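**Student:**
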Amino acid sequence: MKCNLSFYSIRKSKTDKVYTYDLKQNMAIHSWSLYNCINIEFNIDNKTFIKHSGSWFEVDNNYVEKVNKFISNIPNSEVVLPPFLEEYTTQECYNKIVAEIGEDIVCMDRKFVYIENSKFEFCDLLSKDKYIIHVKPWTRSATISHLFSQGRVSADIVFSDESITQQINDSIKEAGGMEAYFINQNDNNLQYKIVFAIIYEWNKTMAERLPFFSK
698 MKCNLSFYSI RKSKTDKVYT YDLKQNMAIH SWSLYNCINI EFNIDNKTFI
748 KHSGSWFEVD NNYVEKVNKF ISNIPNSEVV LPPFLEEYTT QECYNKIVAE
798 IGEDIVCMDR KFVYIENSKF EFCDLLSKDK YIIHVKPWTR SATISHLFSQ
848 GRVSADIVFS DESITQQIND SIKEAGGMEA YFINQNDNNL QYKIVFAIIY
898 EWNKTMAERL PFFSK
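Position one of the sequence shown corresponds to residue 698 (the numbering used here), numbered consecutively onward.
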């Protein structure tokens with residue numbers, strides 16, 4: 698179905714709503730204006746403009762260059778993962794294959810840890826050398842935001858509570874990892890390295906492609 702947007706206006710986008718719908722409760726539980734859901738980043742006359750969550754920003758170009766330089770200087774991981782091939786139909790499929798063909802890597806995809814009423818994945822892949830790997834195909838900005846959020850939450854809570862660490866170790870054991878993979882509360886957290894494995898096709902550097910607010 699094609700939509701004719703020729704008569705659509707900014708004013709109308711501010712009144713039209715986007716909803717999240719709970720199928721169990723058969724009701725909408727959250728709503729936002731369409732305008733606030735549209736994020737844009739572009740350059741005009743060598744100036745950077747960003748619309749994010751309904752607000753407009755002009756970013757100083759010197760600051761943009763400084764941030765891009767910082768991102769460009771983040772070293773590539775020493776972990777080498779195979780390319781994402783067309784026959785790997787899903788991220789879950791890819792993670793399982795990496796664990797099968799890789800040495801000293803276990804697949805933690807879909808292994809959930811529970812905190813109160815929330816659940817999260819500690820990581821997608823875990824190496825015996827203490828690399829905590831988060832994998833995500835880059836389809837849109839929201840997927841990258843989710844990836845970085847997953848990495849931050851994982852890093853924040855992994856050593857925060859012994860019961861959480863035990864859940865993680867139970868998941869590692871369930872995934873086939875031996876004791877050498879286990880997280881130890883007494884470990885120095887600097888021994889661990891977080892890796893973001895971002896799958897994308899474009900021939901651009903990470904600094905060039907990442908949305909500014911993701912940087």
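Glycine is no exception: its CB is placed at the ideal position from the N, C-alpha and C atoms. All values derive from a computational prediction rather than experimental measurement.
1. If I'm right that F817 touches V850 with Cβ under 8 Å, what's the distance once you round it to whole angstroms?
2. Bridge partners of W753, per DSSP?
3. Relative to the C-alpha of H749, which candidate in G874, V777, L731 has its C-alpha closest?
4. Just to confirm, is the Cβ distance from Q864 to Y811 under 8 Å?
5. Which partner residues of T717 appear in the DSSP bridge assignment?
6. Is F781 helix, strand or coil by DSSP?
7. Can you pull the DSSP bridge partners for V892?
8. Any idea what DSSP makes of C804, helix, strand or coil?
9. Could you check the C-alpha separation between I798 and R708 for me, to the nearest Å?
10. In chain order, what residues of the same chain lie with their CB nearer than 6 Å to the CB of T862, ignoring the 5 residues before and after it?
11. Does the segment 891-905 come within contact of the segment 756-774, defined as at least 3 CB pairs closer than 8 Å?
12. Under 8 Å by Cβ, that's how I've got N743 and N758 pegged, so tell me the actual separation to the nearest angstrom.
13. Can you name the start and end residues of the alpha helix (DSSP H) that N886 belongs to?
14. Leaving out the 5 sequence neighbours to the left and right, which residues in its chain are closer than 6 Å to D713 when beta-carbon positions are compared?
15. In this structure, does DSSP put E762 in helix, strand or coil?
16. Can you check whether the C-beta of S815 is within less than 8 Å of a C-beta belonging to chain D?
17. For the beta strand (DSSP E) that Y811 lies in, which residues bound it at each end?
18. Once DSSP output is grouped into helix, strand and coil, what is the label at L844?
19. Are the Cβ atoms of V803 and L782 separated by less than 8 Å?
20. Quick one: measure Cβ to Cβ for V832 and Y791, integer angstroms, because I've assumed they're closer than 8 Å.
21. Please work out which residues of its chain come closer than 8 Å, Cβ to Cβ, to S838, disregarding the five sequence neighbours upstream and downstream, and give them in chain order.
**Tutor:** Judging by the given coordinates:
1. Distance from F817 to V850 at the Cβ level is roughly 6 Å; contact confirmed, criterion being Cβ atoms closer than 8 Å.
2. W753 is bridged to K748.
3. The candidate whose alpha carbon is nearest that of H749 is L731.
4. Yes, the Cβ-Cβ distance between Q864 and Y811 is below 8 Å.
5. Beta-bridge pairing links T717 to H727.
6. Looking at F781 - three-state DSSP - the assignment turns out to be coil, as it is neither helix nor strand.
7. Under DSSP, V892 forms a beta bridge with I830.
8. The answer is strand: DSSP assigns C804 an E or B state.
9. Rounded to the nearest whole angstrom, the C-alpha separation of I798 and R708 is 54 Å.
10. Taken in chain order, the residues that qualify are I880, Q882.
11. The segment 891-905, when compared against the segment 756-774, does touch it at the 8 Å Cβ threshold.
12. About 7 Å separates the beta carbon of N743 from that of N758, a gap short enough to meet the 8 Å contact definition.
13. Segment: none, N886 is in no alpha helix (DSSP H) and carries neither H nor E.
14. Hits under 6 Å: L731.
15. The three-state secondary structure of E762, taken from DSSP, is helix.
16. As a matter of chain content, chain D is missing from the structure shown, which is built from one protein chain.
17. For Y811, the enclosing beta strand (DSSP E) has its first and last residue at 809-812.
18. Looking at L844 - three-state DSSP - the assignment turns out to be helix.
19. For the pair V803 and L782, the CB atoms are not nearer than the 8 Å cut-off.
20. The beta-carbon separation of V832 and Y791, rounded to 7 Å, stays under the 8 Å limit for a contact.
21. Non-local beta-carbon contacts of S838 in its own chain, meaning distances under 8 Å to residues more than five positions away in sequence, involve N736, P908, S911 in chain order.
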